[in-house]
Each structure stands twice: as C-alpha cells, then as structure tokens.
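Mapping of the sequence shown onto numbering that gives the first Met the number 0: position 229 corresponds to residue 228, and the numbering continues sequentially without gaps. Ideal Cβ placement from N, Cα and C applies to all residues, glycine included. The structure under discussion appears below in the form of structure tokens.
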Amino acid sequence: MPLRTLSAVGISSEFKYVAACSLSAAVGVALIGIPAPASADQINGLAAVSAATRVEPQNRPGALGDPATWTDKQLAAQLLLVGATSSQLKKVKSAVREGIGGIVLFGTPPANLASKLAGLRAIAPGNRLLVSSDEEGGRVQRLAALIGKMPSAKSIGQTKTPEQTRALAFKFGKRMKQIGIGTDLAPVADLAYAGSWTDTDGRAFKSNPKRNGVYVTAFAAGLKDAGVMATVKHWPGGGAVTDTHVAGGKTPRWSKLKKRDLVPFQAAFAAGVGGVMVSHASIPGLTGGVPGSQSRPALQALRGQAGDRTLIITDSLAMAAVTTVMEQSQSQAAVRALVNGADLALIQSGSPLKIRNAIIRAMENGRLPREQAVASARRILSAQQG
C-alpha cells in the first residue's frame with residue numbers, strides 16, 4: 000500500500016511535540032497510515048504461538064543476586080551481545096547457558112521464532128536474556144517476514160508527523176514483543192547528509208539536527224510504549240562518515256559534532272532512551288585516530304551525555320574498522336571496548352566463550368576493574384526482559 004503523503008510539519012509544531020512527548024507516556028496512541036503486514040492471520044498466529052510457548056521465568060533478577068556477588072566468569076559472560084542466525088539458534092545455546100547478556104538476530108527468521116526464543120530464555124540463568132534485532136525499517140529490517148514491512152526512516156521523515164511516527168513504532172514494537180524481542184537496535188539518529196550512505200540507503204529521518212531529534216525521540220517513544228527498548232545509533236553521528244563495515248572512518252571534528260550531529264542523540268538522552276550504540280569511527284579532536292568504540296575519552300564523553308542508566312552497546316566488532324584497520328581480533332576489540340567504558344560488546348563470529356575468557360583475564364590482571372563490570376552488568380539486567 001502506498002504511503003499517504005502528508006503536509007510538511009512546521010518546526011515550531013515539532014518542538015511542541017517534543018515538549019509533550021516523553022518516553023514514559025501512556026500507551027494510548029492512534030495508529031495512522033501504518034502499512035499492514037502480509038496477513039492479519041499471521042500476526043494473530045504469532046500472538047497465539049507466543050502465548051502457547053511462553054516460558055514463565057523461574058527466577059527474577061533478584062534471584063540471581065546482585066552482580067557484585069557474581070564470579071568473574073558470570074560477569075564476563077554478561078558483557079557479551081552475541082550475533083545469532085535466527086534459523087540456527089541452537090548454535091548459541093551453550094553461550095546462553097553460560098550467561099551471556101544477550102543475542103542479536105540476523106538472517107531470515109523462521110515461522111516458529113517465538114518458540115525458539117522462549118526455549119533460549121528458558122535455559123538462560125534466571126531466564127534473563129536481552130533479545131535484540133535491527134528493525135529500522137526499509138533496507139534494514141530483519142523480521143519483515145514475520146511482522147510486516149516497515150517504511151524506511153527517510154520515508155517516515157518525509158511522509159509522517161512525529162505523532163504518526165510514534166504510532167508506527169508502537170505497532171511494530173508490539174509485534175516484536177509478541178515474538179519475544181525486547182530490544183530494537185534502532186532508531187538511527189545520524190543526520191541525512193545529502194549523498195551520504197545514511198541518505199542514499201534511507202536510514203536517517205532528517206538532515207536538520209533538531210527536526211531529526213524530534214523524529215528519533217518519537218520513534219523511541221513508540222517502542223517504549225510497546226515495551227521494547229530503543230537503541231539510538233551510531234553515536235556520535237555517522238551521517239558524514241564512510242561505511243565502517245568495510246573500512247575505517249572518521250567523523251567531523253568533535254567541536255562541529257557538538258553543534259550538529261550530537262543534537263538528535265542529546266534529545267533522545269533527555270527523553271530517557273534505554274540504549275545507545277557507539278560507532279567505530281574515529282573522532283578528530285577527541286580520540287586521536289582510535290575508533291570511538293575503543294576510546295576512553297569518547298566513551299567517557301558518551302557516558303556523561305547519556306547518563307548512568309543508559310546501556311552503551313558497541314557496533315559489531317566484526318567490522319573492518321576495528322579488525323582490519325586496527326589489526327585486532329574480536330577478543331581484543333571486545334576487551335578494549337569494555338575496558339574503556341562500553342557495557343555490551345557485540346560480537347558476530349568466533350567463540351563467545353573464548354571471548355568471555357579474554358574478558359576474565361582482563362579482570363584478573365586489573366585492566367577491567369571489577370566494579371566497572373558490575374556496573375555494566377546491572378545496566379544489562381535492567382534492560383533484559385523477564
């Protein structure tokens with residue numbers, strides 16, 4: 000169904016919306032102009048599958064004890080977010096049993112994904128597991144076969160008001176939640192610089208920093224209304240950065256980022272967004288050529304902006320910007336990111352348990368202070384759905 004073209008929204012009305020739009024607002028939203036999935040029966044079926052296969056948690060977070068009482072092995076595992084192919088979840092079972100913090104789904108999802116995820120959560124310590132997916136809309140949407148196709152951020156920014164954006168995110172968030180996914184690695188808060196990858200791929204809402212912040216905040220609010228944690232990305236802003244999947248990249252100077260690219264992130268932080276993904280791009284004037292995800296000055300700056308409760312997740316540590324360019328393994332990259340202030344290291348290949356062991360060694364030799372790992376584990380526990 001083609002999207003209904005809406006009249007442009009004035010900047011002043013958008014600012015009024017931001018003042019009224021809080022991430023803690025009640026769910027009652029009107030669903031306007033939202034593309035329907037292929038079949039209503041499919042969604043009803045998903046709800047039935049989810050209800051039928053739901054595993055009631057045997058232990059709530061408190062039953063696991065405060066992370067301060069955990070072993071180094073437990074803490075180290077909790078700091079990992081492991082990439083998993085939706086159709087081959089059995090490959091991460093051993094890591095889930097060992098207490099990894101969460102998984103991020105890739106690939107085409109099977110029809111019985113809800114039951115498979117329920118089974119994974121059942122074997123996780125305390126039944127706690129952060130289950131995430133990239134549901135940005137457009138070209139980046141892993142679950143379209145199950146929850147329907149979401150328009151791209153660019154299309155949303157061009158055709159919908161902030162209120163409609165919130166309603167759209169709410170509807171798709173509810174579908175995600177029915178399957179058992181409680182974290183969306185979206186929305187993209189990068190600016191749509193003309194000709195940039197964020198613009199040509201349709202992954203950014205707006206080029207104007209303040210207007211982009213309005214849409215980012217609205218999308219995140221809709222997800223939270225649905226019980227799904229939003230994760231704004233790619234801090235400090237990737238709109239003017241080359242693709243770090245295939246090469247190293249760098250942002251504009253830190254002083255310029257503060258005036259433009261950081262504005263949408265600051266709006267999201269002010270509204271209480273649950274998570275933020277940090278980019279691998281280096282930041283002139285701040286990181287000295289080191290990727291942001293690996294830099295103590297960058298991660299300290301991010302923590303200062305995001306606040307103590309926001310979960311800091313790295314972008315995939317399999318990307319060339321941290322492996323090829325920095326000449327390091329995922330184990331080395333994960334340790335470096337965590338030591339310097341990230342909460343969750345996103346890994347996509349290799350053995351999660353070997354990477355966990357590298358983190359344990361970093362704790363034992365003092366590179367990763369135990370109290371820092373405990374603080375990260377507490378943030379992860381608060382983000383995991385029960």
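Taking the alpha-carbon positions, what's the residue i to residue j distance?
i    : j    : result
K173 : S93  : 29 Å
V373 : A193 : 42 Å
R53  : Q140 : Confidence at R53 is low in this model, with a pLDDT of 40, below 50, so the placement of that residue should be treated as unreliable; the coordinate-derived value is given next. Spanning the two alpha carbons is a distance of roughly 24 Å.
K153 : S195 : 12 Å
V277 : S114 : 31 Å
G238 : P351 : 31 Å
K89  : A83  : 9 Å
M149 : P296 : 36 Å
T158 : V338 : 43 Å
I311 : N111 : 30 Å
I122 : D189 : 37 Å
L119 : S315 : 22 Å
I146 : G137 : 13 Å
F218 : Q383 : 20 Å
I379 : N207 : 32 Å
R377 : F171 : 28 Å
K72  : V95  : 13 Å
Q177 : A270 : 25 Å
L167 : G221 : 7 Å
P66  : G274 : 20 Å
I33  : P109 : Unreliable positioning characterises I33 in this predicted model, as indicated by a pLDDT of 38, which lies under 50. The coordinate reading is nonetheless provided below. Near 24 Å, if we compare the C-alpha coordinates of P109 and I33.
G365 : T70  : 15 Å
A144 : G287 : 43 Å
T91  : N211 : The sequence as given places Val at residue 91; Thr does not occur at that position. Approximately 37 Å between the Cα atoms of the pair.
G303 : V272 : 14 Å
I359 : L116 : 27 Å
Q347 : F169 : 28 Å
Q163 : E363 : 50 Å
S254 : A332 : 27 Å
T241 : K232 : 15 Å
G179 : R165 : 21 Å
G349 : T68  : 29 Å
D307 : L285 : 21 Å
Are residue i and residue j closer than 7 Å when you measure CB to CB?
i    : j    : result
F204 : W234 : no
V103 : S131 : yes
S375 : D342 : yes
G156 : P124 : no
V334 : A361 : yes
A280 : T309 : no
P161 : V227 : no
A336 : S292 : yes
A320 : G247 : yes
L142 : G100 : no
S389 : G201 : Because the chain is modelled from 0 through 385, residue 389 falls outside the range shown and cannot be assessed.
L345 : T313 : yes
P283 : R252 : yes
F268 : A305 : yes
A191 : T199 : no
Measure the beta-carbon distance from residue i to residue j and round it to whole angstroms, keeping in mind my assumption that it falls under 8 Å.
i    : j    : result
R127 : L80  : Not confirmed; about 13 Å, so no contact.
A266 : T216 : 5 Å
L298 : G236 : With 8 Å as the limit, L298 and G236 do not qualify as a contact, their Cβ atoms being about 15 Å apart.
E135 : M175 : Rounded, the Cβ-Cβ distance is 12 Å, inconsistent with contact.
V262 : K209 : 6 Å
Measuring only between beta-carbons, confirm whether residue i sits less than 7 Å from chain D.
i    : result
T309 : Absence of chain D from the displayed structure is noted, only one protein chain being present.
Handout entry: Completely contained beta strand (DSSP E) runs for the region 302-384, where each covers 3 or more residues
Key = 310-313 and 344-346
Practice task
Run through the region 98-155 for me and flag every whole beta strand (DSSP E) of 3 or more residues, listed as ranges in chain order.
Solution key: 101-105, 129-132 and 134-136
Problem - Inter-stretch contact at 8 Å, needing at least 3 Cβ pairs: the region 348-364 / the region 64-81 - result: yes
Handout entry: Three-pair Cβ contact test at 8 Å for the region 359-373 versus the region 317-331
Key = no
Exercise for the section: Spell out a yes or no on whether the region 247-258 and the region 176-194 are touching, meaning 3 or more CB-CB pairs, one atom from each, closer than 8 Å. Expected result: no
Exercise for the section: Please specify which runs of the beta strand (DSSP E), each continuous and at least 3 residues long, are wholly inside the region 193-280, giving them in chain order. Expected result: 228-234 and 274-277
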